[in-house]
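Working notes for the structure below.
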Amino acid sequence: MRKMYWTDLRTSKIQCANTDGSDVKDLVATGLRIPNSIAIDEDEGKMYWTDAGTSKIQRANTDGSDVEDLVVTDVYLPGGMTVHGKKKKIYWTDAAWGETMGCKVQRADLDGSHVETLVFTEMSIPNGIVLDLDMGKIYWTDLTKIQRADLDGSHVETLVFTELLPLGIALDVGEGKMYWTNYKGAGVSKIQCANTDGSDVEDLVTVGLDRPSGIALDVVKRKMYWGDYDNYGTSKIQCANTDGSDVEDLVTVGLDRPSGIALCCF
Numbered sequence: 019m020r021k022m023y024w025t026d027l028r029t030s031k032i033q034c035a036n037t038d039g040s041d042v043k044d045l046v047a048t049g050l051r052i053p054n055s056i057a058i059d060e061d062e063g064k065m066y067w068t069d070a071g072t073s074k075i076q077r078a079n080t081d082g083s084d085v086e087d088l089v090v091t092d093v094y095l096p097g098g099m100t101v102h103g104k105k106k107k108i109y110w111t112d113a114a115w116g117e118t119m120g121c122k123v124q125r126a127d128l129d130g131s132h133v134e135t136l137v138f139t140e141m142s143i144p145n146g147i148v149l150d151l152d153m154g155k156i157y158w159t160d161l162t163k164i165q166r167a168d169l170d171g172s173h174v175e176t177l178v179f180t181e182l183l184p185l186g187i188a189l190d191v192g193e194g195k196m197y198w199t200n201y202k203g204a205g206v207s208k209i210q211c212a213n214t215d216g217s218d219v220e221d222l223v224t225v226g227l228d229r230p231s232g233i234a235l236d237v238v239k240r241k242m243y244w245g246d247y248d249n250y251g252t253s254k255i256q257c258a259n260t261d262g263s264d265v266e267d268l269v270t271v272g273l274d275r276p277s278g279i280a281l282c283c284f
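Residue numbers (this note's numbering): 19 to 284.
Next up, the structure:
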C-alpha cells in the first residue's frame, strides 16, 4: 500500500495515511516543536526529518518508534530534507541568519556523523531540497529562486527566478521535470513546473491555494501531493494529476500547518 507521510508545524506531529487520505495515524506526537520537512529511506525503513523549533535533525522507524537525535550542533533553522540511500547520506538546508551562522546546504552520514557544509554562498532562505542521482545534482528552493549544484556543492547555478516564495520541490528525473510550490498568499500562490534546466516554466495549479508547502510525486501514477494551510485554520493534504488537473482534498481534519510530505510503499 502506497503511503504518504507529513510533518505538521503547529500540531508538532508526524503523521501518515494511505494516499487516498484514509487511515490517518499519528506516528510521532511528542518531543517535536516545529517539524519542517520529512524524507523516507524505504530500504532501511527509516524516516528522517528536520525540526526548526529544536534545531535538530532526527529519525525514527517509519512506524514512529525509536526516535533518535542525529545532528544537534551547528543546526539553526533546518528546512528541507532528503536522503541518498545508496550513498548512505542525508542532505538538508539550514536558513540560519546572522554573520556567524549563514544559510547553507549540508549533508551527513545516515547516523548524523561526518557533517559537511556543501553550499554556503548565494542563498537567502533555502528551503526545499531534492536530489537528481542520475545527473549527480542537488536542487533547492530559496527566496525568489531555484538553484542547483553538484552533489559536492560545486558549480552552483540559478535556474529560475520568481516573484513568489518557492518552498517545496520534487523531481521527475525520467521526464526531466521539476515541480515546486510557490507562496505569496491566498489567490496568488501556485504550483509550477519546468524543465530541470529551468526552461519552460508552467503554471499547474493557480486557484484554491493558500500556503502550499512540501510536494511529493508519484511518477508512476502521474500524481503530485502537497500540504496547504492558511492563517485561519484551513489546512489540508491535497493531490492532483501532474498536469494540475483533478485537484482533490485528501485529508482535511486533524491538521493545522502541514509542511513536509513524502511518499513510500510498504
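A virtual CB, placed ideally from N, CA and C, is assigned to each residue, including glycine. All values reported here derive from a predicted model rather than from experimental measurement.
In chain order, Met196, Tyr197, Leu235, Val237, Thr260 place their CB closer than 8 Å to the CB of Asp190, counting only its own chain and leaving out the 5 sequence neighbours on each side. Of the residues Leu273, Lys239, Glu140, the one whose Cα lies closest to the Cα of Cys257 is Lys239. Beyond the five residues adjoining it in sequence on each side, Tyr94 comes within less than 7 Å, by CB distance, of Ser73, Asp112, Ala114, Met119 in the same chain, given in chain order. As for any beta strand (DSSP E) of minimum length 3 sitting wholly inside the region 22-55, the runs are 31-36, 43-46, ordered along the chain. If you draw a straight line from the Cα of His132 to the Cα of Ala126, it comes to about 5 Å. Here Ala234 carries a strand assignment [DSSP, helix/strand/coil]. Just so you know, the alpha carbons of Glu266 and Ser55 end up roughly 22 Å apart. The continuous beta strand (DSSP E) containing Pro276 extends over residues 276-283. For Ser172, the number of other beta carbons within 10 angstroms of its own is below 16, and it is reported as exposed. A straight line joining the alpha-carbon of Gly194 with that of Tyr66 spans about 26 Å.
Distances from the CA of Thr48 to each of Gly98, Lys21, Glu86, Thr37 were compared; the closest alpha carbon is that of Glu86. Straight through space, the alpha carbons of Ile143 and Tyr201 are spaced by roughly 13 Å. Taking a 10 Å sphere around the C-beta of Gly154, we find fewer than 16 other C-beta atoms and assign the residue as exposed. The shortest C-alpha to C-alpha distance from Asp26 to any of Ala70, Asn79, Val123 is the one to Ala70.
DSSP lists Tyr247 as the bridge partner or partners of Ser253. Of the candidates Asp81, Thr91, Thr159, the residue whose Cα lies closest to the Cα of Leu185 is Thr159. A residue is called buried once 16 or more other Cβ atoms fall within 10 Å of its Cβ, and Val123 is buried on that count.
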